[in-house]
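S.K.:
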Amino acid sequence: MSKSDLTRRGVLRAGAAGLATPTIFSGAVWAASHSGFTNAPEGGSVTLGFNVPQTGPYADEGADELRAYELAVEHLNGGGDGGMIPTFSSKTLDGTGILGKKVEYVTGDTQTKSDAARASAKSMIEKDGAIMITGGSSSGVAVAVQGLCQEAGVIFMAGLTHSNDTTGKDRKANGFRHFFNGYMSGAALAPVLANAYGTDRKAYHLTADYTWGWTQQESIQASTEALGWSTVQNVLTPLAATDFSSYIAPVLQTDADVLVLNHYGGNMVNSLTNAVQFGLKDKIVNGKQFEIVVPLYSRLMARGAGANVKGIFGSTNWHWSLPDEGSQAFTRSFGTKYGFPPSQAAHTCYTQTLLYADAVNRAGSFNPCAVAEALEGFEFDGLGNGPTLYRAEDHQCFKDVLVVKGKENPTSEFDLLEIVEITPVSQVTYPPDHPMFGGAEASLGSCNPGA
Amino acid sequence: MEAIILQILNGLDKGSAYALIALGLTLIFGTLGVVNFAHGALFMIGAFCAVTLQRLLNLSHEVIDDTKKDFLGNPLKVDVPYLADWFGADAAQTIIQWSVPLAILFSIPIMILVGISMERGLIKHFYKRPHADQILVTFGLAIVLQEIIKAFFGANPIPTPAPPAFTGSFDFGALIGMENIIYPYWRMVYFAFAMVVIAGVFAFLQFTTFGMVVRAGMADRETVGMLGINIDRRFTIMFAIAACVAGLAGVMYTPINSPNYHMGMDFLVISFVVVVVGGMGSLPGAVLAGFVLGILEAFASMNEVIDIVPGINQIIIYLVAIIVLLTRPRGLMGRKGVMEE
Amino acid sequence: MLGLATKDFVLLLVVAVLCLFAPVLLNPFPETSDLAQFNAGYPDLMQRFVIFGIFAIGFNILFGLTGYLSFGHAAFLGVGSYSVVWMFKLLNYNIVPGLLLSLVVSGLFALAIGYVSLRRSGIYFSILTLAFAQMSFALAYSVLTPITNGETGLQVYGNDPQYLQGDSAPNIPHLFGMTMRATETVEFGPWLWQFNAGYYFCAVVMLIAFYLAIRIFRSPFGMMLRAVKSNQQRMRYTGLNPRPYTLAAFVISGMYAGLAGGLMASMDPLAGAERMQWTASGEVVLMTILGGTGTLIGPVLGAGLIKYLENILSKINDNILHQWFAFMPDGLEDFLVAIVHPFIGKGWHLTLGLVFMAVVIFLPGGLVEGGQRIGRLFGRKKPAEAEAKAAAKTPAE
Amino acid sequence: MGILEVKGVNKRFGGLQALGNVNLSVAENTVHAIIGPNGAGKSTLLNCLVGKLIPDTGSVMFDGQSVLGRHPHEINQMGISRVFQTPEIFGDLTVLENMMIPCFARRDGSFRMHAFEQFSHERELIDKAMHMLEEVNMAEKKDMHSASMSRGDKRRLEMAMCLVQEPRLLLLDEPTAGMARADTNNTIDLLKEIKQKRDITMCIIEHDMHVVFSLAERITVLAQGTPLVEDTPDKIKGHPKVQEAYLGEAAH
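Structure (structure tokens):
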């Protein structure tokens, strides 16, 4: 018998042929199969766990993430046109899976709830023998699942999570984030806003009343104030709010001339729609045109707001219209398979899968600690965001940030945003012990291989 | 002062939605005695009637435009609505923009049909069952309806704008000599519409024989049954009316906030609170509670209030519900003995 | 035995045996078969089965016996979880202090909420409890973040004091050194069984909770609670005060919920605010009704079914469907996949809704009634399910 | 001095004077009937006695103690039991369980947390309950689901539940309302038997003159919320005021 803190199986599935002779209580065999880390893959395949919201408000975003994962698995196993593999600066991926093992995957539903997400991730680790968990469409879930993976001893490659905390005060040695964060949004947006609207602006913030909202608001306030803006008021809105009229109306009574909506998803769609209803876009205050800003844009959600997004600034991790080779390859590959362009969530999830696979290949092992080491300080290019660094200190990717604007004349329902500026990585880089990221106290802890 | 006037307007507007949903719910819940967890789903279906009509009006065929390229670099396929072929591009554009008001007409027969089939097919068999069973079956139904809508329309919100004539906002301030009191046209339309529907339902119950019988049935079902009046059929009609009211509330709500498949669940809990705060079995109570809670919610979200009591905007509805129920045992206008056991 | 009538003792014994062999029984399909997808015998899900079982058993003491339908029991679940994690943060990772605290805190919480809410009955009571729970949820998510860590959920950080944490003590939840995650894995032919310490701990707690619930059901106190449901007027005119009886039932079931929440945090040291949301309260209501209100074993079955559907169905994707139907001709395979597709993966909610409707339409007494019918079909009573219902209705002698 | 003394009780509902200066004295170990036409205030008076209503003025003394402001369960614990117009029993429980509840209430008071005690240990109370059931001829129905019994059985069960508490005052609110003549006679016999076997005071509110004159030793006639006369049955029969206010009306 073997004793472990988290077990694996999957082996049996993969190595089914080798089990022709029934072994009764063959604990010894088990122990031998352990290579000192959780769910060490055996046989000819390796299992990845794709944990995305399939029900609840972010279900469509989750579905897009899942499409990207399936595409990534196809490409890793040598199917399709290879997507971004040919453009990726690291050349270890050759279409033979990961370390020569065929990539298999299991899927689960996070329901955008920490509990459900952890339950789903645990079942992937305990039941399906997943060696890596990835996905998610909100920061609460990302932090919760990242914590779980740290304890269980598997790698977590975060999906869409934008809160500073994910690689800030809640950073973990086994967790990695490719997506950008609230600070970067603020740092990238502020100069563009100052350029477009002037440095003498008074901002009114509406902020979703939970951790992501707060870190986003804190970041954008700091960056805009550094350029001369003042902040009139910051109002916290309940997450469950669906009608924002009573939060928008007071804006009319102040001398604010910019409204910043620190909302995401359904909240963003509704607050933006309501703000436009109240005529804020046409208002003139202090002789200036009133403006609305949405710091974190998502194309999927922007669709829900319809024409209201026209002309409104925001930031995004990636957009399919980027002209670089990697982005084009990915868009072509995804678009050909599914008939529409990928979202930023799809892009980050696809990229994370490739990055993981490559790290394993470079490390020559699935051991989470070896993989983490391979990812730490890794510099790469060709995955759609230009030269990128996976910083060792906090496991955050540093890359250029896109500032976008709602398009005035969209040609299709996917063509809603236009890129205004690509903010260079140097402008959005911060020290790992930045106070918004847990300060000096924040620590990754040490890598946990489980078992 | 301006701020207060604006919040009263907001409160009336929120209250309109609450009152409309609660009105239908209280017809089913307070009158027929069925704990209908699928009522939110009826509201949602109403909203998706508007979406469906918008889609129907937008039914298109593809025309290839060689001058433009799509995201893969192929020639752009442009969707041209059939309406444009029939009536010309401008007329078609206008019709599509007016899809939400048109959806009122479209939704009434659909909601009546939905209401009747729900009552005849399912709810009818649960009048005499325990409330617990009613909760389970209607909750199950709500999930199923929601998932069906999700399967067709996805999980994301779908924009359904108001007609151009009603976008933008109205400057009240200019009218009464104050600054900065502007209010969106469509929200005023919503309030007016709610008033008309509420008045219609009340008039119907007050001035028709049908209404009299139903009101008598609400007060004492057994006696009415004994009089040989076919109360069953009237209850079916009642259910259809309730479904209709919820559906219309949903149709008209779409331009205020883009509809999504779980909007019914978002309103479900609130609407139960509204009905109970209003008092079981009381239609005026439900309407009153809807507006009271709407206005209080609007006021609680003012900065001045939040500064004094942080977090009050998160809990105001529940706090008010607790206070009302503790000081007035049967809510604002409830009747004795309804759903108290 | 143990102060139980024979049939109750048999029921307890059956449940105990089922719990003991759950890791084997819940993994009926060999790992190598395509049906292994339906295996539920992995630690996390088994823990969830018994923890939600405790939650539902406790809820049934209130709802099944007194008929008071609380729509706010999730608040106690959340409070229990927070208590345990706070003990982890302050003392050490031993789960005992936390569980004791979760019982105390949820009991006090239930006392306060129950005292106020029980001034009203029927739907008014339901809405009062709902309002309290929703307030707790909204505040825990936002204003009370210093205590609850808001959206992220309360968890242990490296810089927490942990005053009693010894150097050698495990750095994960444990019971006097036995970690909750410790698992013995046994391979038997193509089968794989996981015997997990945390699960067995939860199972023992559930058996104790179940035993206490049987005692309460069969006690004079239990009879008084049924009297409350039956006729409060007669009760008052018989010289009994219904209020303290209902309050006691409310507090007991609140403590069951707190214990369940505490166990959840003990198995997985993270406490999220959404545990207190109305949907979680509604879930336990559905579990109880689905299984069979007022029966002993029903709520546990209901909890098991809902958790099973949630965790197993949601993980089936099209890829797996294609594997299942791979032996068929291509056209037929695609057709079958298309038919099944809406009900699995992201469509698991749809299946759940249909199951709710089917059970309530065809089995008015819940799953327990289904068990009874099967029992009758085979001519002999199945001891576990069939007697539970019958026993609840037989005289209290 | 009677066991129950009602003095100067007034009760108004809005503009309606339901009770006006009611004085009533019920002597121990007697059967006292309160009669009067509909709306005379009989039920209001009864509700004032058991704590469901609180009079605006006046006093209600039971055995020298005031009952005013006490809860119904406290008043019951003082020794007053009540039989309702429609039998109020615990429909979800069996007959024996129905009987056990008053037994527990008498022994343990208005609340006790006997959550882990066992029924089998309560031999004494079970015997007592069975004994009472035998007295009302229901012993063989002890395991029946009480809601499924006939109305007559429910009535007998309810009376047994009251009597097993050995009350000093039994209040009966139209105990034969809605019963057929044969059932009514059975009830009369049962009540007579009960009275014979023990020392008990009964106060009956009744519409049916046959019942009243078969049982009552003293009768109070209530009209428009005020006691008209109080006397023995024989005297009441011929009393002109009663003829006018009650029997006359009933003769219509």
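Residue numbers (my numbering), protein chains in the order written: chain E, 455 to 905; chain G, 183 to 523; chain U, 113 to 509; chain W, 12 to 263. Beta carbons: idealized from backbone N, C-alpha and C, even for Gly. Predicted model, so just to flag it, every value in this text is computed and none were measured.
On the DSSP bridge assignment, give the partners of residue 851 of chain E in chain order.
M.R.: According to DSSP, which records beta bridges pairwise, residue 851 of chain E is partnered with E:844.
S.K.: Measuring alpha carbon to alpha carbon, tell me which of G:335, G:433 and G:218 ends up nearest residue 285 of chain G.
M.R.: With distances taken between Cα atoms, residue 285 of chain G lies closest to G:433.
S.K.: In its own chain, which residues sit with a C-beta less than 8 Å from the C-beta of residue 257 of chain G, not counting the 5 before and 5 after it?
M.R.: Excluding positions up to five away in sequence, the list reads 246, 247, 248, 250 and 251.
S.K.: Taking contact to mean 3 or more Cβ pairs, one atom from each stretch, closer than 8 Å, check whether the segment 708 to 723 of chain E and the segment 747 to 755 of chain E are in contact.
M.R.: The segment 708 to 723 of chain E, when compared against the segment 747 to 755 of chain E, does touch it at the 8 Å Cβ threshold.
S.K.: Could you name the residues that DSSP lists as bridge partners for residue 305 of chain U?
M.R.: The partner list for residue 305 of chain U (beta bridge, DSSP) reads U:298.
S.K.: Can you check which of these residues, E:826, E:648, E:644 and E:659, is closest to residue 677 of chain E by C-alpha distance?
M.R.: Ranking the options by Cα distance to residue 677 of chain E, first place goes to E:644.
S.K.: Evaluate contact between the segment 202 to 209 of chain G and the segment 447 to 461 of chain G, counting only Cβ atoms and requiring at least three cross-stretch pairs below 8 Å.
M.R.: Enough Cβ pairs lie closer than 8 Å, so yes.
S.K.: Can you name, in chain order, every residue of its own chain whose Cβ lies under 6 Å from the Cβ of residue 403 of chain U, other than the five neighbours on each side?
M.R.: Excluding positions up to five away in sequence, the list reads 410, 411, 413, 414, 478 and 479.
S.K.: Counting only runs that start and end within the segment 303 to 391 of chain U, where is the alpha helix (DSSP H) found for 4 or more residues in a row?
M.R.: If we require 4 residues or more, the alpha helix (DSSP H) runs fully inside the segment 303 to 391 of chain U come out as 309 to 330, 332 to 342, 344 to 348 and 354 to 379.
S.K.: Check whether the segment 764 to 771 of chain E and the segment 811 to 828 of chain E are in contact - that is, three or more C-beta pairs closer than 8 Å.
M.R.: Taking 8 Å as the limit for Cβ pairs, the verdict is that the segment 811 to 828 of chain E does not touch the segment 764 to 771 of chain E.
S.K.: Run through the DSSP bridge pairs and tell me what residue 72 of chain W is partnered with.
M.R.: Its beta-bridge partners are W:16 and W:77.
S.K.: Quick check on this structure: which residue in G:381, G:420, G:380 and G:224 has the alpha carbon closest to the alpha carbon of residue 392 of chain G?
M.R.: Comparing Cα-Cα distances from residue 392 of chain G to each of G:381, G:420, G:380 and G:224, the minimum goes to G:420.
S.K.: Which whole-angstrom value is the C-beta distance of residue 465 of chain U and residue 329 of chain G, which I expect to be below 8 Å?
M.R.: Residue 465 of chain U to residue 329 of chain G, Cβ: 7 Å. Contact.
S.K.: State the CB to CB distance for the pair residue 568 of chain E and residue 427 of chain U, rounded to an integer number of angstroms; the pair is presumed to be in contact (CB under 8 Å).
M.R.: Not quite, the Cβ-Cβ distance comes to about 18 Å (not below 8 Å), so this is no contact.
S.K.: Which residues in the same chain have their Cβ closer than 8 Å to the Cβ of residue 29 of chain W, if we skip the five residues on either side of it in sequence?
M.R.: Around residue 29 of chain W: 22, 23, 52, 55 and 236.
S.K.: Taking the alpha-carbon of residue 384 of chain U as reference, which of U:259, U:132 and U:183 has the nearest alpha-carbon?
M.R.: Among U:259, U:132 and U:183, the Cα nearest to that of residue 384 of chain U is on U:259.
S.K.: In the DSSP output, which residue or residues are listed as bridge partners for residue 743 of chain E?
M.R.: Residue 743 of chain E pairs with E:738.
S.K.: Which parts of the segment 656 to 698 of chain E are runs of the beta strand (DSSP E), unbroken and 3 residues or longer, counting only runs that do not cross its ends?
M.R.: DSSP runs (the beta strand (DSSP E)) wholly in the segment 656 to 698 of chain E: 656 to 662 and 684 to 691.
S.K.: For residue 637 of chain E, which option in E:581, E:530, E:769 and E:518 has the closest C-alpha, if you only look at C-alpha atoms?
M.R.: Nearest C-alpha to residue 637 of chain E: E:769.
S.K.: Among the residues of its own chain, which have a CB less than 8 Å from the CB of residue 846 of chain E, if the five just before and after it don't count?
M.R.: Only 830 and 831 meet the Cβ criterion.
S.K.: Measure the beta-carbon distance from residue 234 of chain U to residue 522 of chain G and round it to whole angstroms, keeping in mind my assumption that it falls under 8 Å.
M.R.: The Cβ separation is near 4 Å, so the contact holds.
S.K.: To be precise: take each residue of the segment 756 to 773 of chain E, compare its Cβ to all Cβ atoms of chain G, and keep it if any distance is under 8 Å. Which residues remain?
M.R.: If the cut-off is 8 Å between Cβ atoms, the segment 756 to 773 of chain E has 757, 758, 759, 760, 761 and 762 near chain G.
S.K.: By a C-beta neighbour count over all protein chains shown, 10 Å radius and 16 as the cutoff for buried, is residue 208 of chain W buried or exposed?
M.R.: Per the 10 Å Cβ criterion, exposed.
S.K.: Which value, in whole angstroms, describes the spacing of the CA atoms of residue 181 of chain U and residue 230 of chain U?
M.R.: Near 11 Å, if we compare the C-alpha coordinates of residue 230 of chain U and residue 181 of chain U.
S.K.: State the CB to CB distance for the pair residue 87 of chain W and residue 115 of chain U, rounded to an integer number of angstroms; the pair is presumed to be in contact (CB under 8 Å).
M.R.: That belief does not hold up - the Cβ atoms of residue 87 of chain W and residue 115 of chain U are roughly 31 Å apart, past 8 Å.
S.K.: Residue 462 of chain G versus chain U: which residues are under 7 Å apart at the beta carbon?
M.R.: Chain U residues near residue 462 of chain G: 235.
S.K.: Classify residue 23 of chain W as helix, strand or coil using the three-state DSSP reduction.
M.R.: The answer is strand: DSSP assigns residue 23 of chain W an E or B state.
S.K.: Would you decide whether residue 149 of chain U is buried or exposed? Buried here means 16 or more other CB atoms lie within 10 Å of its CB.
M.R.: By the 10 Å Cβ count, residue 149 of chain U comes out buried.
S.K.: If you run the structure through DSSP and keep just helix, strand and coil, what is residue 189 of chain G?
M.R.: Residue state, collapsed to three classes: helix.
S.K.: Have a look at the DSSP bridge pairing and note the partners of residue 251 of chain G.
M.R.: DSSP output for residue 251 of chain G lists G:257 as bridge partner(s).
S.K.: Exposed or buried, what is residue 649 of chain E when buried is set at 16 or more other beta-carbons lying within 10 Å of its beta-carbon?
M.R.: With fewer than 16 other Cβ atoms within 10 Å, it is exposed.
S.K.: Check the Cβ-Cβ distances between residue 905 of chain E and every residue of chain U, and say whether any is below 8 Å.
M.R.: No, residue 905 of chain E does not count as interfacial toward chain U.
S.K.: Assign residue 467 of chain E to one of three DSSP states: helix, strand, or coil.
M.R.: For residue 467 of chain E, the predicted model reports a pLDDT of 41, less than 50, meaning its position is unreliable and no value from the coordinates is stated.
S.K.: Going along chain W in order, which residues have a C-beta closer than 7 Å to the C-beta of residue 346 of chain U?
M.R.: The contacting residues are 99, 100 and 101.
S.K.: Does the structure place the segment 238 to 250 of chain U close enough to the segment 390 to 405 of chain U that three or more beta carbon pairs sit under 8 Å?
M.R.: Short answer: they touch.
S.K.: Can we say the segment 258 to 274 of chain U touches the segment 196 to 207 of chain U, given the rule of at least three CB pairs closer than 8 Å?
M.R.: Yes: the two stretches touch, three or more of their Cβ pairs being nearer than 8 Å.
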